[in-house]
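Down below is the structure, laid out as structure tokens.
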Amino acid sequence: MGKVILWFSDRQGVSVCSEWDDQGQIVSLELIEEMDESLPIFSATRENWERFVNQEIGAVKAVMTGLIDYRGSMTIIVKYGRHFDCLAEVAQKVN
16 MGKVILWFSD
26 RQGVSVCSEW
36 DDQGQIVSLE
46 LIEEMDESLP
56 IFSATRENWE
66 RFVNQEIGAV
76 KAVMTGLIDY
86 RGSMTIIVKY
96 GRHFDCLAEV
106 AQKVN
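For the sequence shown, the working numbering begins at 16 and goes up steadily by one.
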């Protein structure tokens, strides 16, 4: 799948670049200062990211309802939505 940016829309300068393999597993995460607009970008307020991490809403539904804004190919959402939900599960365990 490649790299994807996760961005806090209400907090300037808080962005994470995540790299995913073809099986939908995270290979790396890094804080970034500048966004590469050519990459897929998920953005949301802190409140909506918390709803996602707390598994109150899944990735596909969050994008379809506008709670998380997505700029990129919709095939990524369809193909990897379940894997993004796994990211929420892991984040909740770490949190």
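Backbone N, C-alpha and C fix where the C-beta goes; we use that ideal spot for every residue, glycine too.
For clarity, every value in this text was computed on a predicted model and none was experimentally measured.
Quiz item: For the beta strand (DSSP E) that contains ARG86, what are its first and last residues?
Solution: ARG86: member of the beta strand (DSSP E) spanning 84-86, first to last residue.
Exercise. In the DSSP assignment, find the unbroken alpha helix (DSSP H) run with GLU62 in it and report its ends.
Key: It spans 61-68 - the alpha helix (DSSP H) in which GLU62 sits, taken as one unbroken run.
Quiz item: Within this structure, are the beta carbons of LEU54 and ILE91 separated by less than 7 Å?
Solution: No, they are not a contact pair.
Quiz item: What number of angstroms, rounded off, separates the C-alpha of ALA59 from the C-alpha of SER24?
Solution: Linking ALA59 to SER24 through their CA atoms gives a straight-line distance of about 5 Å.
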